[in-house]
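K.L.:
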Amino acid sequence: MAVRAAVAAPRGLRRLFSSFAFSPLPSNAANTAPPPAEPSTNLFVSGLSKRTTTEGLRDAFAKFGQVVNARVVTDRVSGYSKGFGFVRYGTLEEASEGIKGMDGKFLDGWVIFAEYARPREPPSENAAGGPPYGRP
DNA sequence: ACTGAGCGC
-12 MAVRAAVAAP RGLRRLFSSF AFSPLPSNAA NTAPPPAEPS TNLFVSGLSK
38 RTTTEGLRDA FAKFGQVVNA RVVTDRVSGY SKGFGFVRYG TLEEASEGIK
88 GMDGKFLDGW VIFAEYARPR EPPSENAAGG PPYGRP
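5 is the number that my numbering gives to position 18 of the first sequence; each next residue is one higher, with no gaps.
This is the structure we're talking about:
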């Protein structure tokens, strides 16, 4: 249950463990991979249930702000949910409230984790709207 | 088959 969710917890729980003031590395450990991303209107939500859909995700986050766009990532071939998704608010304030309101909360029986999403992979000139069919 | 770390077509 909660133990299983704690195992599935990504970097979101690292700030919780920071209460122990553990210092396994010198003070230069903040140069390799910063846990949180830059504040943006895009939210990365992990720990979702397999049964959680885009509507459920939007409805859950709509309580803390107007959700402009929401999407549960599903596998392209199988069509099943991958267990995480993205939520985009209109403003940074709503995004902050969405994180503080939904991070560590329950959704469909699973503890979810909300944080700022990283910028997606840059678009390619080839991928102009579809798969590269007939590319030499 | 969907099993549980993670970043979207």
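We put the beta carbon where it would ideally sit given N, CA and C, even for glycine.
Whose CA, out of 29, 48, 25, lies closest to the CA of residue 93?
P.N.:
Measuring from the Cα of residue 93, the nearest candidate turns out to be 48.
K.L.:
Taking 8 Å as the limit between beta carbons, can you name the residues of its chain near residue 26, skipping five residues before and five after?
P.N.:
Hits under 8 Å: 79, 82, 83, 103.
K.L.:
Ordered along the chain, which non-local residues of its own chain (more than five positions away) have a Cβ less than 7 Å from that of residue 10?
P.N.:
Unreliable positioning characterises residue 10 in this predicted model, as indicated by a pLDDT of 48, which lies under 50. A coordinate reading is not provided.
K.L.:
For the beta strand (DSSP E) containing residue 72, list its first residue and its last residue.
P.N.:
Where residue 72 is concerned, the enclosing beta strand (DSSP E) stretches over 68 to 76.
K.L.:
Please classify residue 56: is it buried, with 16 or more other beta-carbons within 10 angstroms of its beta-carbon, or exposed?
P.N.:
Result: exposed.
K.L.:
Is residue 30 helix, strand or coil by DSSP?
P.N.:
In the structure shown, residue 30 sits in a strand (DSSP, three-state: E or B).
K.L.:
Which residues does DSSP list as the beta-bridge partners of residue 98?
P.N.:
Answer is 93, bridged to residue 98.
K.L.:
Could you check what DSSP says for residue 61 in three-state terms: helix, strand or coil?
P.N.:
The answer is strand: DSSP assigns residue 61 an E or B state.
K.L.:
Starting from residue 47, trace the alpha helix (DSSP H) both ways and give me its first and last residue.
P.N.:
Per DSSP, residue 47 belongs to the alpha helix (DSSP H) from 41 to 48.
K.L.:
Whole-angstrom Cβ separation of residue 99 and residue 34, contact assumed at under 8 Å?
P.N.:
That pair is a contact at about 4 Å.
K.L.:
Name the DSSP beta bridge partners of residue 54, please?
P.N.:
Looking at the DSSP assignment, residue 54 forms a beta bridge with 76.
K.L.:
Under 7 Å, do residue 45 and residue 54 count as touching if we go by C-beta distance?
P.N.:
The answer is yes: Cβ separation under 7 Å.
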